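> Numbering (this note's numbering), first residue to last: 103 to 537. Even for Gly, the Cβ is constructed at its ideal location relative to N, Cα and C. In this text, all values refer to a predicted model and were calculated from it rather than measured experimentally. Okay, handing you the structure first.
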């Protein structure tokens, strides 16, 4: 049976945007988009993307050979015969597809929540109609198996919110290393490995750079913790999860956690000896300082990130639950735009975030975000930038390369730390011992 893709929106909307961006003559734009992005190319990409989701369609419609479900988009199997298929959006009453079909599997390009209306005719007579309705059904939210820690944590609260809003049974699939943490946050959410015959709909909860139609939100124009809402048809911001610690503090003395690495050292703080200055300041206040990165050393191109002198070595292959407990009991956390920052936020550990490459709205809100907006900054949130192979798209190979991360001063970071200590009414160990 051949596969046929259809797009709810006019595909030219996406192609025109790519071409218009290219006219800005940005190097990153030229390196991203092919000269002609036609429908066959799009369908080839979609074919590879849906490879894991085009297995058996379980739901019988009552018409022999006609099957329908919404696992990774609308999927409709049409048997051999004189069939006409009409598909639209129930809410806006738009019609997206209206054609004669036979012996074909029809798959929507869109993989997000749309209240599909499906009508099937045979020999001119309507034989089947259905409007997507998840109430009382099983919905699978498939979180990316290769997504970063921060990305997944940003999306996870929407699983419980989706179940509450639509009165349905939500099951989730996650990377193995996150399963214990998710069970701690949301013990009522069932975790599965694959779509089953009970699964009415599956929504891949992932991110997208650009205007490709599978995902409705470009992460350069929406906060990371709102992307899942756009995918799932939710215009709310769910509350943070509640973490229940499973381990006591690793030491009795007050300590601060730091993480100097992110998914790449390019995202690091590159002020010379900046981390050493901050660690020395914290130690003068009497804090013990734990570096909790996974690796002791990280390199990408000419950029490195390594545990600063003076910080105690808690790098290594700790489980995510061990990290969560360590952060839960810490006085506060200092780090980058990284998964560990999201983890700290979700276990209610105050976060000082050092980040100038994205705009302030991109990550979760913290009053202790540190950036220098007087230099080139925010390209990660810039929709004109089409690719990040050139990791510094505006200043690459110039003396200003990565100045967004180089020209954040230690004074700015220490100011944020001091404000946090005052706001949270913390008493550094040095002041406790002097009383």
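1. Roughly how many angstroms lie between the CA atoms of residue 371 and residue 388, to the nearest whole one?
2. With DSSP as the reference, please indicate the residues paired to residue 209 in a beta bridge.
3. Identify, in the order they occur along the chain, each residue of the same chain with its Cβ nearer than 6 Å to the Cβ of residue 218, setting aside the five sequence neighbours on each side.
4. Report all residues from its chain with a CB closer than 8 Å to the CB of residue 534; omit the five preceding and five following residues, and keep chain order.
5. On the DSSP letters alone, give me the boundaries of the alpha helix (DSSP H) that residue 257 sits inside.
6. Assign residue 213 to one of two classes, buried (16 or more other C-beta atoms within 10 Å of its C-beta) or exposed (fewer than that).
7. Give the single residue among 362, 350 and 302 whose Cα lies nearest to the Cα of residue 271.
8. The beta strand (DSSP E) spanning residue 455 covers which residue range?
9. Who are the Cβ neighbours of residue 280 in its own chain at under 7 Å, not counting the five residues just before and after it?
10. Please confirm if the region 357–376 is in contact with the region 397–405, defined as three or more CB-CB distances below 8 Å between the two stretches.
11. Express the C-alpha separation of residue 447 and residue 266 in angstroms, rounding to a whole number.
12. Got a sec, what are the start and stop residues for the beta strand (DSSP E) residue 392 sits in?
13. What residues match up with residue 407 in a beta bridge as DSSP calls it?
14. Quick one: residues in its chain with C-beta nearer than 6 Å to the C-beta of residue 238, no 5 flanking neighbours on either side, listed in chain order?
15. For residue 165, report the span of its alpha helix (DSSP H) as first-last.
16. If you pair each beta-carbon of the region 198–206 with each one of the region 328–343, do three or more pairs fall below 8 Å?
17. Pull up the distance between the alpha-carbon of residue 373 and that of residue 517, whole angstroms please.
18. Note down, one range per segment and in chain order, each beta strand (DSSP E) of at least 3 residues found wholly within the region 278–365.
19. On the three-state DSSP scale, how would you describe residue 264?
20. Verify whether the separation of the beta carbon atoms of residue 494 and residue 458 is less than 8 Å.
21. Starting from residue 200, follow the beta strand (DSSP E) in both directions and report where the run begins and ends.
22. Which residues in the same chain as residue 359 place their Cβ atom closer than 7 Å to its Cβ, once the five residues preceding and following it in sequence are excluded?
23. Would you check if there are 3 or more beta carbon pairs closer than 8 Å linking the region 276–291 to the region 345–362?
24. With which residues is residue 586 paired in a DSSP beta bridge?
25. Please report the distance separating the alpha-carbon of residue 164 from that of residue 245.
Taking the geometry as given:
1. 24 Å
2. 107 and 177
3. 176 and 234
4. Here residue 534 has 388 as same chain residues with Cβ atoms under 8 Å from its own Cβ, once five neighbours each way along the sequence are excluded.
5. Looking at the DSSP string, the run of the alpha helix (DSSP H) that includes residue 257 is 251–257.
6. buried
7. 302
8. 453–456
9. 254 and 422
10. Yes, the region 357–376 is in contact with the region 397–405.
11. 23 Å
12. 390–393
13. 400
14. none
15. Segment: none, residue 165 is in no alpha helix (DSSP H) and carries neither H nor E.
16. no
17. If you draw a straight line from the Cα of residue 373 to the Cα of residue 517, it is about 16 Å long.
18. 301–307 and 357–360
19. It is helical.
20. no
21. 197–203
22. 392, 394, 428, 429, 432 and 435
23. In this structure the region 276–291 lies against the region 345–362, because at least three pairs of beta carbons, one per stretch, are closer than 8 Å.
24. Within the shown structure, residues of the chain are numbered from 103 to 537, placing residue 586 beyond reach of any answer.
25. 32 Å
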